[in-house]
Ligand code: ADP
Ligand code: MG
Ligand code: MG
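Residue numbers (full-length UniProt numbering): 1 to 494.
What follows is the structure, encoded as structure tokens:
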């Protein structure tokens, strides 16, 4: 029998009911929770609901999982070097900035702050670069299996360089699945599910550990870390655990501020370039906001972003890192010969290229024109992506031809074209706001990565930092958890 046929185990309806009740209680007792939507929330943030989760861990071939983990340090190094390559940023981002206002705003901040020290008679204008780098990445993959193939392989969906979320709740979802396996015994009939095939997930502690290391490099024991958050964040507990672990394990304090609050309360010392807010010096700025145009409703938020960028606080990420996380950079770096500019080891270079799906520009170059033609002829093979993060922005298959007809050629340039990855079908049951939904599903594997280097280029930390599995209905295109498309899951290595 194939994996798809005998997984997950078939259970009587009352057993599903028990699994559901166990999942809800365990989740609430162990902070695998989010804030409810405004319609059902009690006042003053006093209520929570269980996070959306899969009842069964989803099968991932062990080999594919290990490959994704092994790729992470190579990707960490690659993206760090891309973020320091002014010529690469200029050649990939400048053109997009001409047709995409959000990218233009970010690129303008990059141009204003990129030089280490701008020599100026007016000290207020002298920008000091941070003296260490930390990046907290997440590389996302789908399994791909073409018709007629028996073995699936991983292909990269995208590489996130800002605000990768769920590092805390993801680890908790793994613990939930271990608990369900051990407590219910419902999984026993299926020998594949045992706690050995549920991998440990370091994501709960690895990010706080990385931030603590960056804080130490900043070198002021009185300083605190600042998490830049969205107002009214529902995924607050995922973030809170970063704060609690920082304090518990590393004795480092973290404050939460929105970009609007930063614009009102923060200042940068004209002589030292230190960033201060509410009387506290900031060592590390960790962004969980700022990746979407919605995070900048007024100029105030952009002023806050610029203020932070020109300070000497260690930015996680810098605006340069955010820019090389753009889909356009992903498409450019996938061109033949590009990775070799940054990575010396030919075996590593080959591994990275093997993880890329087909990627094309949609600009006015002959290559872009050819790609637009390809997409019109075979739209079912492709997805079109704009320079956005956070889910819900892509244009899929049959929607591509009308979109191409609607967009001017210059608007089209702000998108890339990507081969549609086809994950092998599998089944699962997911729990969302107390409701069970069963059916064909697809899972997206994310690997977190932490990279820390000094300004002189000495690499202090370069490691994989745990994983995230998100599962969505197979007939849905998108896969974000926060956007309501997917649920949290954990891998069952097979
Ligand atoms: P975002 O930065 O908004 O998360 P993604 O590139 O991750 O953008 O796309 C969002 C979702 O769309 C992914 O989580 C995945 O479910 C789906 N998706 C993206 N690219 C592909 C692809 N090439 N093939 C199949 N599905 C894709
Ligand atoms: Mg993204
Ligand atoms: Mg994504």
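Just so it is clear, CB atoms sit at the ideal spot from N, CA and C, and this is done for glycine as well.
Quick one: Cα of residue 107 to Cα of residue 364, how far?
Taking the chain shown and counting its residues from 1, the one referred to as residue 107 is at position 107. Taking the chain shown and counting its residues from 1, the one referred to as residue 364 is at position 364. If I take the Cα positions, the gap works out to 21 Å.
Residues of its chain near residue 145, where Cβ-Cβ distance is below 7 Å and the 5 sequence neighbours each way are ignored
Here residue 145 corresponds to residue number 145 of the chain shown, with the count starting at 1. The beta carbon of residue 145 sits closer than 7 Å to the beta carbons of 152, 422 and 424 from its chain, once the five residues preceding and following it are set aside; these are given in chain order.
Is the distance from the Cβ of residue 313 to the Cβ of residue 283 below 8 Å?
Taking the chain shown and counting its residues from 1, one reaches residue 313 at position 313. Taking the chain shown and counting its residues from 1, one reaches residue 283 at position 283. For residue 313 and residue 283, yes; Cβs fall inside 8 Å.
Going by the C-beta, is residue 389 closer than 7 Å to any heavy atom of ligand 2?
For the purposes of this step, residue 389 is taken as residue 389 along the chain shown, with counting starting at 1. Yes, ligand 2 has a heavy atom inside 7 Å of this Cβ.
Rounded to whole angstroms, what is the Cα-Cα separation between residue 448 and residue 14?
Here the question's residue 448 lines up with position 448 in the chain shown. Here the question's residue 14 lines up with position 14 in the chain shown. Answer to the nearest angstrom: the Cα atoms are 37 Å apart.
Are the segment 93-112 and the segment 401-415 touching by the rule of at least three beta carbon pairs closer than 8 Å?
Here the segment 93-112 lies against the segment 401-415, with 3 or more beta-carbon pairs under 8 Å apart.
Secondary structure, beta strand (DSSP E): runs of 3+ residues fully inside the segment 336-365:
List check, beta strand (DSSP E) in window: 359-361.
C-alpha gap between residue 135 and residue 450, whole angstroms:
Counted from its first residue, the chain shown places residue 135 at position 135. Counted from its first residue, the chain shown places residue 450 at position 450. Rounded to the nearest whole angstrom, the CA to CA distance from residue 135 to residue 450 is 6 Å.
Close Cβ partners of residue 213 (< 8 Å) along its chain, the five nearest in sequence each way excluded
On the chain shown, residue 213 is found 213 positions in, with the first residue counted as 1. Excluding sequence neighbours, residue 213 sits near 134, 452, 460 and 461.
In whole angstroms, what separates the C-alpha of residue 392 from that of residue 270?
For the purposes of this step, residue 392 is taken as the residue at position 392 of the chain shown. For the purposes of this step, residue 270 is taken as the residue at position 270 of the chain shown. Roughly 41 Å separates the two Cα atoms.
Outcome for residue 476 when other beta-carbon atoms lying within 10 angstroms are tallied against a minimum of 16
Numbered from 1 along the chain shown, position 476 holds the residue referred to as residue 476. It counts as exposed.
Can you tell me whether residue 96 is helix, strand or coil according to DSSP?
Here residue 96 corresponds to residue number 96 of the chain shown, with the count starting at 1. Under the three-state reduction of DSSP, residue 96 is assigned to helix.
Should the segment 230-246 be called in touch with the segment 159-170, which here means at least 3 C-beta pairs below 8 Å?
Touching, per the Cβ criterion.
When the Cβ atoms of the segment 466-486 are set against those of the segment 378-397, are three or more pairs found closer than 8 Å?
In short, these stretches touch, since the Cβ pair count reaches three.
Note the first and the last residue of the continuous beta strand (DSSP E) segment covering residue 382.
On the chain shown, residue 382 is found 382 positions in, with the first residue counted as 1. Start and end: 382-386.
Count Cβ pairs between the segment 202-212 and the segment 239-259 that sit closer than 8 Å; are there 3 or more?
Yes, the segment 202-212 is in contact with the segment 239-259.
Measuring only the C-alpha atoms, how far is residue 132 from residue 182?
One-based indexing of the chain shown puts residue 132 at position 132. One-based indexing of the chain shown puts residue 182 at position 182. The alpha-carbon atoms of residue 132 and residue 182 are separated by roughly 44 Å.
Span of the beta strand (DSSP E), counted from its first residue to its last, around residue 15
Position 15 of the chain shown holds residue 15. Per DSSP, residue 15 belongs to no beta strand (DSSP E); it is in the alpha helix (DSSP H), 13-29.
For residue 305, is the classification buried or exposed, using 16 other Cβ atoms within 10 angstroms of its Cβ as the cut-off for buried?
Translated into positions along the chain shown, residue 305 becomes position 305. Label assigned to residue 305: buried.
If residue 407 sits next to residue 382, beta carbons under 8 Å apart, how far is it from one beta carbon to the other, in whole angstroms?
Residue 407 sits at position 407 when you count from the first residue of the chain shown. Residue 382 sits at position 382 when you count from the first residue of the chain shown. Actually they do not touch by this definition, with Cβ atoms about 15 Å apart.
Residue 184 - DSSP class collapsed to helix/strand/coil
Taking the chain shown and counting its residues from 1, one reaches residue 184 at position 184. Correct three-state label for residue 184: helix.
Cβ shell of residue 49 (< 6 Å), same chain only, five flanking positions each side left out
Residue 49 sits at position 49 when you count from the first residue of the chain shown. Cβ contact annotation for residue 49 (same chain, cutoff 6 Å, sequence separation greater than five): 36, in chain order.
Where does the unbroken alpha helix (DSSP H) through residue 214 begin, and where does it stop?
Walking along the chain shown from the start, residue 214 turns up at place 214. Where residue 214 is concerned, the enclosing alpha helix (DSSP H) stretches over 203-218.
Span of the beta strand (DSSP E), counted from its first residue to its last, around residue 447:
On the chain shown, residue 447 is found 447 positions in, with the first residue counted as 1. For residue 447, the enclosing beta strand (DSSP E) covers residues 435-454.
Secondary structure of residue 414, DSSP reduced to three states:
Taking the first residue of the chain shown as 1, we reach residue 414 at position 414. Residue 414: coil per DSSP, three-state reduction.
Span of the alpha helix (DSSP H) holding residue 108?
Here residue 108 corresponds to residue number 108 of the chain shown, with the count starting at 1. 101-113 is the extent of the alpha helix (DSSP H) around residue 108.
Quick check: does the Cβ of residue 487 come within less than 7 Å of any heavy atom belonging to ligand 3?
Your numbering for residue 487 matches position 487 in the chain shown. Because no heavy atom of ligand 3 lies under 7 Å away, the Cβ of residue 487 does not count as near it: no.
What's the C-alpha gap between residue 482 and residue 302?
The residue given as residue 482 occupies position 482 in the chain shown. The residue given as residue 302 occupies position 302 in the chain shown. One C-alpha to the other measures close to 24 Å.
Following a CB-centred definition, is residue 394 positioned closer than 7 Å to any heavy atom of ligand 2?
The residue given as residue 394 occupies position 394 in the chain shown. No, the Cβ of residue 394 stays beyond 7 Å of every heavy atom of ligand 2.
Does DSSP classify residue 270 as helix, strand or coil?
Walking along the chain shown from the start, residue 270 turns up at place 270. When secondary structure is reduced to three states using DSSP, residue 270 falls in the coil class, being assigned neither helix nor strand.
Near ligand 2: residue 160 beta-carbon under 7 Å from a heavy atom:
As a working note, residue 160 is residue 160 in the chain shown. Relative to the non-hydrogen atoms of ligand 2, the Cβ of residue 160 comes within a distance shorter than 7 Å of at least one.
For residue 119 and residue 43, what's the separation of their Cα atoms in angstroms?
Within the chain shown, numbered from 1, the residue matching residue 119 stands at position 119. Within the chain shown, numbered from 1, the residue matching residue 43 stands at position 43. Only weak support is given to the placement of residue 119: the predicted model assigns it a pLDDT of 39, under 50, and the value that follows is read from those uncertain coordinates. For residue 119 and residue 43, the gap between their C-alpha atoms comes out near 52 Å.
Does DSSP put residue 432 in a helix, in a strand, or in coil?
For this step, residue 432 is matched to residue 432 along the chain shown. Taken through DSSP and simplified to helix, strand or coil, residue 432 comes out as strand.
Could you check if residue 325 is buried or exposed, using at least 16 other CB atoms within 10 Å of its CB as the buried criterion?
As a first step, residue 325 must be located in the chain shown, where it is residue number 325. By the C-beta density criterion, residue 325 is buried, having at least 16 other C-beta atoms within 10 angstroms.
Looking at the unbroken beta strand (DSSP E) that takes in residue 133, where does it start and where does it end?
The residue you call residue 133 lines up with position 133 of the chain shown. Where residue 133 is concerned, the enclosing beta strand (DSSP E) starts and stops at 132-144.
Provide the residue span of the alpha helix (DSSP H) that contains residue 226, from first to last.
If you number the chain shown from 1, residue 226 lands on position 226. Membership of residue 226 in any alpha helix (DSSP H) is not indicated; the residue belongs instead to the beta strand (DSSP E) covering 224-228.
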